[in-house]
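Structure first, commentary second.
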Amino acid sequence: MLTVLTHDILPVFAMLALGFVMGKAKTASVDEARAINRIAFLTLQPPLLFLLLTGIDLPSVRFDAIGLYALCEAVAFAASFLLARRVFGVPLAEAWLLGMAVVFVNSLLYIWPVTVLIYGEAETLPITAIVALDASVTFAFFIVSVEFVTGRPARAALPRLIRNPVLLTIVLSLALNIAHVPIPEPLLTAAEFAGKAAAPMTLFALGVVLSSQPVTPGPAATGIAAMKLVAFPALVWIAFALLSPANPWTDLFVLNAAGPSGAMAFSLALLHGVPTRNIAPVIVWTSVLSLASLAWLA
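Written out as structure tokens, the structure is:
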């Protein structure tokens, strides 16, 4: 456990921590971090996804496992939303995004590189499948639904979806994979070269941005963080134990569920003017506290 923590998890977490420290020290500004994040989102994450999804062995994908994981996401989201709304009295839009923070894990930029370091790239198919699910279906659901809960027409989200480079890359990559279109080796090399920078740059930028936010957790943030770190992975483990016992993907799905909240809920909150007083601490503290749980589960 200690070796996994020090050799495989902390090196990835270090980029987020470095950004947080440099942000606090005013060595890096929020504006600079947002520029870095935008560059990474537009030019580095798509090549990484392209490389993963054109190379994924689709016949080996356990769609039953993906469906069960998606069901767990829906249940955990609903429970977290109701907890935030009914128990902690959080406003509608903020409660909605807190529910998103529970199920939308930082899979691509945190769990995937950690999994590669621990198990090797050949064993990352379950995480890659979750990345495809969350970056397309789950992401699109929240992009559209947050328009409803913030009182805007859903059609306002359509231009963002159509122009989203991540969604476009997923569609193109899977289409090429399904059609068995050979990818030129130079293109794969370029994608690999660019994709390697996606995770460190994005995590660093996230750390800088979060350093400007209050991170002391109140009751709502504490409850949602507990849902993220304890209830959601426990739900995934129980669901697979009862409905899909001996599924070879169970361990990595539980590992993913135990990962830190992704930054997308925070980004959507900033975009739509939703308070981040609870969302920011959830992201910070799940990133810190998941270090131990990920090392234990791995």
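Counting from 4, one number per residue, gives the positions in the sequence shown under the working numbering. Just so it is clear, CB atoms sit at the ideal spot from N, CA and C, and this is done for glycine as well.
Q. By DSSP, does Ser296 sit in helix, in strand, or in coil?
A. helix
(Q) Quick check on the DSSP output: the alpha helix (DSSP H) that includes Thr57 runs from which residue to which? (A) 48-57
Q) Rounded to the nearest angstrom, how far is the Cβ of Leu112 from that of Ala201, given a contact under 8 Å? A) 7 Å
**Q.** Phe142 beta carbon less than 8 Å from that of Met230
**A.** no
Q. How many Å lie between Leu61 and Ser32 at the Cα?
A. 42 Å
**Q.** Nearest-angstrom beta carbon gap, Ala301 and Leu258 [assumed within contact, 8 Å]
**A.** 6 Å
Q.
Tell me which residue opens and which closes the alpha helix (DSSP H) that Met103 is part of.
A. 95-106
(Q) When you compare the stretch 19-39 with the stretch 197-213, are there three or more beta-carbon pairs, one atom per stretch, that lie closer than 8 Å? (A) yes
Q: Measure the CB-CB distance between Ile173 and Ala138 and report whether it falls below 8 Å.
A: yes
Q: Could you please give the first and the last residue of the uninterrupted alpha helix (DSSP H) stretch that includes Ile12?
A: Where Ile12 is concerned, there is no enclosing alpha helix (DSSP H), given that its DSSP letter is neither H nor E.
Q) Hey, is the stretch 271-285 in contact with the stretch 234-248, meaning 3+ C-beta pairs nearer than 8 Å? A) no
Q.
Measuring straight from C-alpha to C-alpha, what distance separates Glu150 and Val108?
A. 21 Å
Q.
Here's the rule: buried if 16 or more other CB atoms are within 10 angstroms of the residue's CB, otherwise exposed. What is Glu195?
A. exposed
Q: Out of Ala260, Ile286, Ala132, point me to the one whose CA is closest to Ser270's CA.
A: Ile286
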